[in-house]
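Chemist:
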């Protein structure tokens, strides 16, 4: 069998149904094989779009997302998506064409050392040197991408090797990787110590992140915090892991989190972190982060534990294994729930004093927060929401009350503008029966607007709700607050005309600048069969609050 | 109550382990003998800001496995974090943070030293004290091979610098655990 055909067979063997990508010279054999293979290929319009679509697919479904690109510029165009998948632990396999073996190292046409370029931003990578390795490497790549802490794996296939003839045998069982043994079960002694510490804590906070979603441990988290009235906060990556409309929910924490969540962290005596990594957007000034707290840190990646904040009780393991055991151990202690009463009185006082809120307009002007609330109502809180990066992302995190895992798909770690549209395309392919809405920023969407063609041609009915304020809003906000209002290169100007652009790509284009019409416009977009872009003109200079200024402590939130 | 866990865990008694150990560490890694492994390790060190003091790479008894011996300053780097990051590399099979008193470590070094007739005898005497070997001789210089722990090679280097060190090549330490009784 031709190695390229074996590659497609190997992908099918891993359960792959959809691939996102773009052909070119070096991956022509793979695309020739694709011609006959029973794989659905979604032809993106830029490799970055293919990469983010694969991420959106993976984040929406929990399955491994796959993207193809050719050598050289095709492969380098994938780099942003690969880095994004690394930062947010997204199970993805990227398969790039490489120049013919005899050209490697000669600066051949469309040659780039993509394994070298991506070395710091992959979980692992393979450069094929023998065609017989191809099925084996595919099998290993899927195993590595999807187990332990998930992440991106790159397989670089020289053109000549993918044309070679090999014997293909489907891979079975887990691959033999002597250096790769991801932990699963948490140490029961450590879990018992954590349970006992929690039983003595008077001001505990459960701080959970995207790892809970990756582990499929949302229900386990809900069960655990029901053991007593334990307060819960989530990172931007964790939203949906715990239902936002919940009595024990403090809101998101971190730079644009709620005051309640950040003050609770600041005053906690025990912080139990699960699947979260104490990123600087969470801690603010590290030396002043949660100064009164002891830390239990549960993570499947041992290197995350004590990386930024030293853990007092480290527990390495899969949240889905650890949380039920912790629940059992904690409940067996029959701790006195009333010890938390004072803490809850304090939390309720913060909640009453500092609710999330904004000053709504008195005329037809659409405030960005109002737009998110309208979106929540128009979608009945049920849509999968993807977003770009910036103010709109933070407002969505604050005002769209995510109630289930994999409902909120955004670029949290790398902070990639332009992530939202291709991710929505991938999410819709993975979950065709769900409404998928990309909440876009105007600065972000223009970076990937070519992917409007992908959705139109492949008839993928995603909706884009564009929060159009005419600025790269978050940068403008920082220039206003921290750079003396010296607005440098943040205005987007009058171009493009989004309705015309949408129509040019074969989408339905709608516009709304009156808040009384907004919900109806959104419903019209959602009810329409095809892809729709709704250009929503919002207040131009609204700032996203509250906020921990960069490098400040949580207790010094502003706004 | 289960063995190993106290009945009550008081929060005030909990301590986080210290990140910095303050001493030199020798990490002995076994890695798959595959292309790019050294680049992955070197890349990890540079992007995480870890400084390697010495690095030695060579074969092991198994042709599919290589050994990489690294020395690092535990006063500057959180060794625990370094080893955990190294463990994430798929091609790294095993990492041993060598216990100083359970470890035999050696480094080899070559020194070319200025050796005029009047100082030659003294240099040769030094060499003898350090059990070093003279491996090359010319009219104006001697080349000396020294083997020993890093401290011993350091000491020899200090001594010989005073005589006019022309050139030096050191391998960095390699290490192996001491056999236990009965092994």
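Protein chains in written order, with the numbering used here: chain A, 1 to 559; chain B, 1001 to 1183. A virtual CB, placed ideally from N, CA and C, is assigned to each residue, including glycine.
Going by DSSP, which residues form a beta bridge with residue 387(A)?
Modeler: Bridge partners of residue 387(A): 439(A).
Chemist: Is the shortest distance between the beta-carbon of residue 119(A) and the beta-carbons of chain B less than 8 Å?
Modeler: Residue 119(A) counts as touching chain B.
Chemist: In the structure shown, what three-state DSSP assignment does residue 1124(B) receive?
Modeler: In the structure shown, residue 1124(B) sits in a helix (DSSP, three-state: H, G or I).
Chemist: So, at 7 Å on beta carbons, what are the nonlocal neighbours of residue 456(A) in its own chain, with the 5 sequence-adjacent residues on each side left out?
Modeler: Contacts found: 505, 506, 507 and 531.
Chemist: Please report the residue range of the beta strand (DSSP E) in which residue 125(A) lies.
Modeler: It spans 124-127 - the beta strand (DSSP E) in which residue 125(A) sits, taken as one unbroken run.
Chemist: Which word fits residue 41(A), buried or exposed, when buried means at least 16 other C-beta atoms lie within 10 angstroms of its C-beta?
Modeler: Classification of residue 41(A): buried, given that the 10 Å Cβ count is 16 or more.
Chemist: Can you tell me which residues form a DSSP beta bridge with residue 408(A)?
Modeler: The partner list for residue 408(A) (beta bridge, DSSP) reads 385(A).
Chemist: At least one CB of chain A closer than 8 Å to the CB of residue 1005(B): is that the case?
Modeler: Yes - at least one Cβ of chain A is within 8 Å of the one on residue 1005(B).
Chemist: Could you tell me the distance, in whole angstroms, from the CA atom of residue 56(A) to the CA atom of residue 202(A)?
Modeler: Their Cα atoms are separated by approximately 40 Å.
Chemist: Go ahead and pull the three-state DSSP assignment for residue 143(A).
Modeler: Helix, per DSSP.
Chemist: For residue 139(A), which residues from the same chain have a beta carbon less than 6 Å from its beta carbon, with the 5 sequence-adjacent residues on both sides left out?
Modeler: Excluding sequence neighbours, residue 139(A) sits near 171 and 175.
Chemist: Whose Cβ in chain A lies nearer than 7 Å to the Cβ of residue 1009(B)?
Modeler: Those within 7 Å of residue 1009(B) in chain A are 193, 196, 197 and 200.
Chemist: Residue 306(A) touches chain B at which residues, Cβ-Cβ below 9 Å?
Modeler: Near residue 306(A) (Cβ distances below 9 Å), the residues of chain B are 1016, 1017, 1019, 1078, 1080, 1081 and 1084.
Chemist: Taking any Cβ of chain A, which residues in the region 1049-1061 of chain B have a Cβ under 9 Å from it, in chain order?
Modeler: Listed in sequence order: no entries.
Chemist: Assuming residue 31(A) and residue 23(A) are in contact, meaning their beta carbons sit under 8 Å apart, how far apart are those beta carbons, in whole angstroms?
Modeler: With a Cβ gap of about 4 Å, residue 31(A) and residue 23(A) count as contacting.
Chemist: One question on the structure: do residue 237(A) and residue 254(A) come within less than 8 Å of each other, judged by their Cβ atoms?
Modeler: Result no, Cβ atoms of residue 237(A) and residue 254(A) do not sit closer than 8 Å.
Chemist: Given 8 Å as the limit, is there contact between the region 53-68 of chain A and the region 7-20 of chain A, that is, 3 or more CB pairs closer than that?
Modeler: The region 53-68 of chain A is in contact with the region 7-20 of chain A.
Chemist: From residue 148(A) to residue 184(A), what distance separates their C-alpha atoms?
Modeler: Taking the straight line joining both Cα atoms gives about 7 Å.
Chemist: Between residue 486(A) and the rest of its own chain, which residues show a CB-CB distance below 7 Å, the 5 nearest in sequence each way excluded?
Modeler: The answer, listed in chain order, is 479.
Chemist: Below 6 Å CB to CB, which residues in the same chain sit around residue 1169(B) once its five sequence neighbours on both sides are set aside?
Modeler: Counting only Cβ-Cβ distances below 6 Å, and skipping sequence neighbours, we find 1110.
Chemist: With 7 Å as the C-beta to C-beta threshold (strictly closer), list the residues of the region 176-191 of chain A near chain B in chain order.
Modeler: Here the close residues are 177, 178, 179, 180 and 189.
Chemist: Listed from N- to C-terminal order along the chain, which residues in the region 277-300 of chain A have their beta-carbon within a distance smaller than 8 Å of any beta-carbon of chain B?
Modeler: Per Cβ criterion, the list reads 294 and 295.
Chemist: Using Cβ-Cβ distances below 8 Å, what residues of the region 257-273 of chain A are close to chain B?
Modeler: Going along the region 257-273 of chain A in chain order, one finds 269 and 270 with a Cβ nearer than 8 Å to chain B.
Chemist: Between which residues of its own chain and residue 88(A) is the CB-CB distance below 6 Å, once the five residues before and five after are set aside?
Modeler: Excluding sequence neighbours, residue 88(A) sits near 412 and 413.
Chemist: I'd like to know if residue 1093(B) contacts chain A, where contact means its C-beta is closer than 8 Å to some C-beta of that chain.
Modeler: Output row for residue 1093(B): interface = yes.
Chemist: Counting only Cβ-Cβ distances shorter than 8 Å, please list the residues of the region 85-105 of chain A near chain B, keeping chain order.
Modeler: Hits within the stretch: zero.
Chemist: Compare the C-beta of residue 138(A) with all C-beta atoms of chain B and state if any pair is closer than 8 Å.
Modeler: Chain B contact via Cβ: absent.
Chemist: Going by beta carbon distance, what residues of the same chain come within less than 8 Å of residue 182(A), once the five residues before and after it are set aside?
Modeler: Contacts found: 147, 148, 149 and 300.
Chemist: Does residue 1075(B) have its Cβ less than 8 Å from a Cβ in chain A?
Modeler: For residue 1075(B), the answer is no, since every Cβ of chain A falls outside 8 Å of its Cβ.
Chemist: Let me know if residue 1082(B) comes out buried or exposed under the rule of 16 or more other beta-carbons within 10 Å of its beta-carbon.
Modeler: The residue in question, residue 1082(B), is buried, as its Cβ has 16 or more Cβ neighbours within 10 Å.
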